[in-house]
Amino acid sequence: MARPQRKAAEKRGIAKCRTGITGLDQIMEGGLPKGRPTLLCGGAGCGKTILAMEFLVRGAREFNEAGVFMAFEETGKELGENVASLGFDLPSLISHKKLFVDHVRVERSEIEETGEYDLEGLFIRLEAAIRRVGAKRVVLDTIESLFSSFSNTNILRAELRRLFQWLKSKGVTVVITAETGDGKLTRQGIEEYVADCVILLDHRVEEQNSIRHLRVVKYRGTTHGTSEYPFLIGVSGISVLPLSSLKLDHEASTQRISSGIPQLDAMLGGKGFYRGTSILITGAAGTGKSSMAAHFVQAACQRGERALYMASEQSRSEVIRNMRSIGIDLEPWVEQGLLQFYANRPGSFGLEKHLVTIHDLATAFNPRVVVIDPVTNFLAVGNDLEVKSMVTRLIDVFKSRHTTAMFTSLTAGDSTAESSEVGVSSLMDAWLLLRNLESNGERNRGLYVLKARGMAHSNQIREFLLTDRGVRLVDAYIGPSGLLTGSARIAQDIREQAQAAARKQQLARKNLELKQKRQTLESQIAKMRADFEMEENSVLRDVEDLELAEKDATLVRTAMGRSRQAELARSHGNGRA
Amino acid sequence: MKSKAGKKRCSRAASRKWNLRLYIAGETSRSIAAVENLQALCRKYLPVDYNIEVIDLSKNPHLAAGDQILAVPTLVRRLPPPLKKIIGDLSNVERVLVGLDLCSEKTS
């Protein structure tokens, strides 16, 4: 809804000059008014000079626009030293003609005023400086100090009015810093002349934490964020943290990454988490949140990805030692530069500072995987709402960088099992719940996937074991009295094993019996066959005998017949002769 | 700015080397007035050995930074030390003389 509106405003409205400062362009909906002066006011030490300098440095580095810094309070050398810690190399920018720093020093004690004068000298200097580097951006820091240098304020006011008109005619985008005072935006009322855009910086202490805020008081010709936005001066400059920065236009990755625990990956559709998502692990004390985080980090390092581990309860060496006890050695990854620890007590500084530090770390180290263990510790620094907004912004930071973030959250006891302490569960893409399961006089750990957006996931409660070879998830037994865990599960296990053994024995016995029966049968068959063979033999012999006898009888008969025939013939022949 | 006559004791400067530099920006009436006022004043109050250098910043803008010039006209007393700056068209002679240490305001 808001985006098309903003785009339209950018098209129709005034031209903007991007500052490149994290978050500021977002609030200003594009940047400072191009070719116009912007008044940057605030009390002492609230970061005016740094913001103004960053505007020039980023202009030179990121948008190739040269700048002029006219310093009325600090020398060029001092300025260079002051911002060197933010990674701004002024001497290099100056030598490359991307920046020109002009220190204007006015000692009132040296000056006597006689008659009419004007500030043409300042104009000439400014013009020479702008021409020298072809500047598109100009900073005047702090022009109000002129009021302490010259006593004729009427001339000064007239000249300042002329100066701003003149700067507009030059088409340069100008930032003018001024000190707030006496309930007014600026001590000398410069806001009368610089009416296009006014930004107010503020530095105050809330609950012992000092927080800087930025507010766009006025911005002619365009819409802008109107709230007070916290900002921080981090190691790479200023970061303004708009609460409403969640644009929700992150690109969704379909790539899956392992949780480091194969059984858990199996529960998450078999492939693990989506890359670039936020994962919440909630659980009471001692349920194994850090161990899961360590697995996750180890898996990332094994894939050759960089991981950032933010511990707010244990120091780096404590985490490494404790994780060794479950067989995870993180030290080699630290040595290889794949794993970076950031251990800090949340109370050591304000929430916003933490956020910026994390943001800066994420930018500098560029991890693919981040663990914040635990996020609930930030409650020591801010209230629920603040922590929630911080986590929202953190998620935003990580998502925009496609970094997979795992947050652990400590819940008080088992009572608030399904509500995370910081109320951020709705922002998370995956939520694993670790629970203490008490039964039979013992405490066991259980894990279930409460939600996992965009994937089919197991609805089963798994028993969660911390072994000397890491976390192991065991299939839970559902007994007659519910889930069986721990020794009850082991007892069930043994019972089943015994039953299996008994079954096995029985089977073996049966097999043996069968074998024996077969053997008996076969021996009987053999005996019968032997008997039969014997009988057969004797019968055959009888048959042979009978056949022989038959042959003999035939022979006898033939012989007898022959002899009878002869006698007959002889008797016949004798008679005729 | 106002000063009552008679309250100041002005004297001709001691015979030292004087070096003055007047910064102006363009040939404006104010610039011309300043140059004229300075010349008259020097003739009257300074020793013979003085030197006036008029610098037009509209022609030499880079010279503005050296003496930290913002307002014009500005008169800079380079010699004798210490460095002094007087801004304006130098129409108030008494203030100029005070600025040049040629007059001392009465302490009483």
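If you're matching them up, the sequences are chains P and W in order. Under the numbering used here, the residues of the first sequence are numbered 1 to 577, in order. Under the numbering used here, the residues of the second sequence are numbered 1001 to 1108, in order. Note that beta-carbon positions come from the ideal geometry of N, C-alpha and C, so glycine has one too.
Output needed in chain order: residues of the segment 79-105 of chain P with a Cβ under 7 Å from some Cβ in chain W.
Correct list: ASP102, VAL104 and ARG105.
Beta-carbon of ALA111 of chain P versus every beta-carbon of chain W: anything under 8 Å?
Reading off the sequence, residue 111 of chain P comes out as Ile, not Ala. By this cut-off, ILE111 of chain P is an interface position.
Looking at chain P, is there any beta carbon in it that lies within less than 8 Å of the beta carbon of ASN1051 of chain W?
So, not an interface residue.
Give the single residue among P:ARG161, P:TYR219 and P:SER325 whose Cα lies nearest to the Cα of GLY288 of chain P.
Minimum Cα distance to GLY288 of chain P is reached at P:SER325.
Counting only Cβ pairs nearer than 9 Å, list the residues of chain P close to ASN1112 of chain W.
Since the first and last residues shown for chain W are 1001 and 1108, residue 1112 of chain W lies out of range.
Nearest-angstrom Cα separation, counted from ALA266 of chain P out to CYS17 of chain P:
For CYS17 of chain P and ALA266 of chain P, the distance between alpha carbons rounds to 51 Å.
Here's a check: name, in chain order, each residue in its chain whose Cβ is nearer than 6 Å to the Cβ of GLY13 of chain P, leaving out the five neighbours to either side.
For GLY13 of chain P, the CB contacts under 6 Å within the same chain, skipping 5 residues up- and downstream, are GLY221 and THR222 in chain order.
C-alpha gap between SER85 of chain P and ASP475 of chain P, whole angstroms
Whole-angstrom Cα-Cα distance: 54 Å.
Under 9 Å Cβ-Cβ, which residues of chain W neighbour ARG204 of chain P?
What ARG204 of chain P touches in chain W: nothing, since even the nearest Cβ is about 35 Å away.
With distances taken Cα to Cα, identify the nearest neighbour of ARG58 of chain P among P:ARG108, P:ARG137 and P:LEU126.
Nearest option by C-alpha distance: P:ARG137.
Taking Cβ-Cβ distances shorter than 8 Å, what residues in chain P pair up with LEU1057 of chain W?
Neighbourhood of LEU1057 of chain W in chain P, by CB distance below 8 Å: GLU120, GLY121 and ILE124, in chain order.
Measure the C-alpha to C-alpha separation of GLY80 of chain P and ARG453 of chain P and round it to an integer number of angstroms.
Their Cα atoms are separated by approximately 49 Å.
State the CB to CB distance for the pair LEU432 of chain P and LEU450 of chain P, rounded to an integer number of angstroms; the pair is presumed to be in contact (CB under 8 Å).
Going by Cβ atoms, the distance from LEU432 of chain P to LEU450 of chain P rounds to 7 Å, so yes, they are a contact pair.
Per DSSP, what are the beta-bridge partners of ARG1092 of chain W in this structure?
Residue identity check: residue 1092 of chain W is Asn in the sequence provided, not Arg. The beta-bridge partner set that DSSP reports for ASN1092 of chain W is empty.
Using CA coordinates, which residue listed in P:ILE233, P:CYS197, P:HIS224 and P:GLY225 is at the minimum distance from HIS203 of chain P?
When only C-alpha atoms are compared, the closest one is P:ILE233.
Taking only beta-carbon atoms, is ALA15 of chain P less than 8 Å away from chain W?
Under the 8 Å criterion on CB atoms, ALA15 of chain P is classed as non-interfacial with respect to chain W.
With a cut-off of 8 Å on the beta carbons, I'd call VAL375 of chain P and THR408 of chain P a contact; round off their distance for me.
Between THR408 of chain P and VAL375 of chain P the Cβ distance is about 7 Å, and since that is below 8 Å, they are a contact.
Could you give the distance in angstroms between the alpha-carbon of SER523 of chain P and the alpha-carbon of PHE532 of chain P?
Cα-Cα distance, rounded: 14 Å.
Below 8 Å CB to CB, which residues in the same chain sit around PRO91 of chain P once its five sequence neighbours on both sides are set aside?
Contacts found: GLY80.
Helix, strand or coil for THR467 of chain P? Go by DSSP, reduced to three states.
Three-state result, THR467 of chain P: strand.
The alpha helix (DSSP H) spanning GLY272 of chain P covers which residue range?
GLY272 of chain P -> no alpha helix (DSSP H), and no H or E assigned at all.
Inter-stretch contact (C-beta, 8 Å, three-pair minimum) for the segment 1062-1075 of chain W and the segment 1022-1031 of chain W
Yes, they touch.
Using a Cβ cut-off of 7 Å, pull out every chain W residue sitting near GLU127 of chain P, in sequence order please.
The answer, in chain order, is PRO1061.
So is PHE150 of chain P in contact with chain W if we call contact Cβ pairs under 8 Å?
Answer yes: the Cβ-Cβ gap between PHE150 of chain P and chain W drops below 8 Å somewhere.
Any idea if LYS510 of chain P is buried or exposed, counting beta-carbon neighbours within 10 angstroms, 16 or more meaning buried?
Exposed, since its Cβ has fewer than 16 Cβ neighbours within 10 Å.
If the criterion is Cβ atoms closer than 8 Å, does the pair GLU112 of chain P and VAL1098 of chain W meet it?
It is a contact, given that the beta carbons lie within the stated cut-off.
Status (buried if at least 16 other CB within 10 Å, exposed otherwise) for ARG469 of chain P
By the neighbour-count criterion, in which 16 or more other beta carbons inside 10 Å mark a residue as buried, ARG469 of chain P falls on the exposed side.
Cβ-Cβ distance between ALA60 of chain P and LEU32 of chain P below 8 Å
No.
CA-CA distance, GLU318 of chain P and HIS457 of chain P?
Those two C-alpha atoms are separated by around 33 Å.
Report the option in P:GLY337, P:GLU331 and P:MET390 whose CA atom is closest to the CA atom of THR357 of chain P.
For THR357 of chain P, the nearest C-alpha among the options comes from P:MET390.
Please name the residue or residues paired with ALA452 of chain P in a DSSP beta bridge.
Paired residues: P:ALA430.
Host beta strand (DSSP E) of ASP1056 of chain W (start-end)
Annotation: the continuous beta strand (DSSP E) that includes ASP1056 of chain W extends over 1050-1056.
Examine the Cβ distances between the segment 159-170 of chain P and the segment 100-108 of chain P and report whether three or more of them are shorter than 8 Å.
Inter-segment contact for the segment 159-170 of chain P and the segment 100-108 of chain P is absent: fewer than three beta-carbon pairs are separated by less than 8 Å.
GLN340 of chain P lies in the beta strand (DSSP E); which residues open and close that run?
That run of the beta strand (DSSP E) goes 339-343.
Interface residues of chain P facing GLN1039 of chain W [CB-CB closer than 9 Å]:
In chain order: nothing, as chain P lies at least about 15 Å away.
Could you name the residues of chain P that LEU1070 of chain W contacts, counting a contact when the two beta carbons are closer than 7 Å?
Simply VAL104, VAL106, LEU119, GLY121 and LEU122.
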